[in-house]
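In the numbering used here, the protein residues as written are 1176 to 1499.
From the three backbone atoms N, C-alpha and C, an ideal C-beta is built for every residue, glycine too.
The structure under discussion appears below in the form of structure tokens.
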């Protein structure tokens, strides 16, 4: 077992700093959460980012990715030492260009030390999330082709192991923190999966030109971009319901989810307006992101404002859905 550091504040300072380096968006959203939740969600994001880094390394073979994913999962689950993952991973990624992500991998011991300061409930939830994600991605490592995934079922399975399971993790943590949310979400837990899948579908559509350029597609081979926008709209509708189940007094939790949700809505609407998507064209401007960030301060405690935003800004997606 990794021992708890004698300087936990230094570890947390690293977590906050590296988060800003590896994700501009989540560096905005995660600090909105209450401190107790911020720590575990930030920690989970960094662990997920390590899994993503292995997946995104184009120079690695599918077998090498599977091997590294197994070593990482064993380290998270304390089945082996963290050094048994870090050293071979850094060696395999010696030509990898993203130095911030390499620094994160080098600091895997720091990230895991923080995890072990979380409650046993949160540790179990995080371990489940990382297990499903790591094993799921390993399953899909050998399916990276330019043709895309087999069908909608495989596409939704991929979106689940990459992001739907994160929706489940958030729900587990939120329920532990907020008894009222736990009551509200009872029997409607599937909305958490849809929330995560909606965000992942947005990323897949947004990044599809870059993925195509490196010979990869995560879109289902038998569905068009319009089909995927319709499906994403349906997931967003469920995600809206999920957000509205968070009690209004839990403003941090609401803003966290609303910001991620709103940026997905704006991105998908932009993709729908462009039609033939070109590399980098779906990315939102920094100005747009900050404007919506400001809007969440006003809208987070108003169900009406959240609904108005969705029905106005997602109307192009709704029109596509209505044409089926």
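What do you reckon, are the CB atoms on residue i and residue j nearer than 8 Å?
i: residue 1250; j: residue 1265; result: no
i: residue 1395; j: residue 1326; result: yes
i: residue 1434; j: residue 1467; result: yes
i: residue 1391; j: residue 1411; result: no
i: residue 1415; j: residue 1442; result: no
i: residue 1401; j: residue 1312; result: no
i: residue 1155; j: residue 1315; result: What the structure shows of the chain is the stretch from 1176 to 1499, and residue 1155 is not part of that stretch, so it cannot be assessed.
i: residue 1287; j: residue 1257; result: yes
i: residue 1404; j: residue 1338; result: no
i: residue 1234; j: residue 1270; result: yes
i: residue 1381; j: residue 1489; result: no
i: residue 1216; j: residue 1208; result: yes
i: residue 1259; j: residue 1248; result: no
i: residue 1324; j: residue 1408; result: no
Relative to the ligand ZN, is the shortest distance from any of its heavy atoms to the C-beta of residue i smaller than 7 Å?
i: residue 1345; result: The ligand content of the structure shown is nil, which means the ligand ZN is not present either.
If you draw a straight line from the C-alpha of residue i to the C-alpha of residue j, how long is it?
i: residue 1463; j: residue 1184; result: 34 Å
i: residue 1221; j: residue 1482; result: 31 Å
i: residue 1389; j: residue 1228; result: 15 Å
i: residue 1254; j: residue 1472; result: 43 Å
i: residue 1485; j: residue 1205; result: 22 Å
i: residue 1194; j: residue 1320; result: 30 Å
i: residue 1236; j: residue 1297; result: 33 Å
i: residue 1469; j: residue 1425; result: 17 Å
i: residue 1198; j: residue 1275; result: 10 Å
i: residue 1331; j: residue 1267; result: 30 Å
i: residue 1423; j: residue 1230; result: 37 Å
i: residue 1243; j: residue 1375; result: 23 Å
i: residue 1387; j: residue 1480; result: 38 Å
i: residue 1182; j: residue 1445; result: 45 Å
i: residue 1186; j: residue 1310; result: 27 Å
i: residue 1358; j: residue 1344; result: 17 Å
i: residue 1239; j: residue 1487; result: 46 Å
Leaving out five residues on either side along the sequence, give the residues of the same chain with a beta carbon under 6 Å from the beta carbon of residue i.
i: residue 1419; result: 1478
i: residue 1432; result: 1418
i: residue 1261; result: 1283
i: residue 1201; result: 1220
i: residue 1500; result: Given a span of 1176 to 1499 for the chain in the structure shown, any question on residue 1500 remains unanswerable.
i: residue 1429; result: 1421, 1475
i: residue 1437; result: 1467
Consider the Cβ of residue i: report whether some Cβ of chain B lies at a distance smaller than 8 Å.
i: residue 1349; result: Protein chain content of the structure displayed is limited to a single chain, and chain B is not contained in it.
Who are the Cβ neighbours of residue i in its own chain at under 7 Å, not counting the five residues just before and after it?
i: residue 1192; result: none
i: residue 1502; result: This structure cannot speak to residue 1502, because the chain is shown only from 1176 to 1499.
i: residue 1294; result: none
i: residue 1317; result: 1237
i: residue 1398; result: 1327
i: residue 1279; result: 1193, 1197, 1221, 1224, 1225
Enumerate in chain order the residues of its own chain whose CB-to-CB distance from residue i is below 8 Å, with the five nearest sequence positions on each side excluded.
i: residue 1223; result: 1304, 1305, 1308, 1341
i: residue 1346; result: 1360, 1364, 1367
i: residue 1449; result: 1456, 1457
What are the uninterrupted segments assigned as alpha helix (DSSP H) that are 4 or more residues long and contained completely in the stretch 1335 to 1367, given in chain order?
1340 to 1352, 1354 to 1360
Below 8 Å, how does it come out for the stretch 1347 to 1358 and the stretch 1204 to 1214: are there three or more Cβ pairs, yes or no?
yes
Stretch pair the stretch 1360 to 1371 + the stretch 1284 to 1303: three plus CB contacts closer than 8 Å
no
Only counting runs of 4 or more residues, tell me where the alpha helix (DSSP H) segments fall wholly within the stretch 1408 to 1493, in order along the chain.
1426 to 1449, 1461 to 1474, 1478 to 1488
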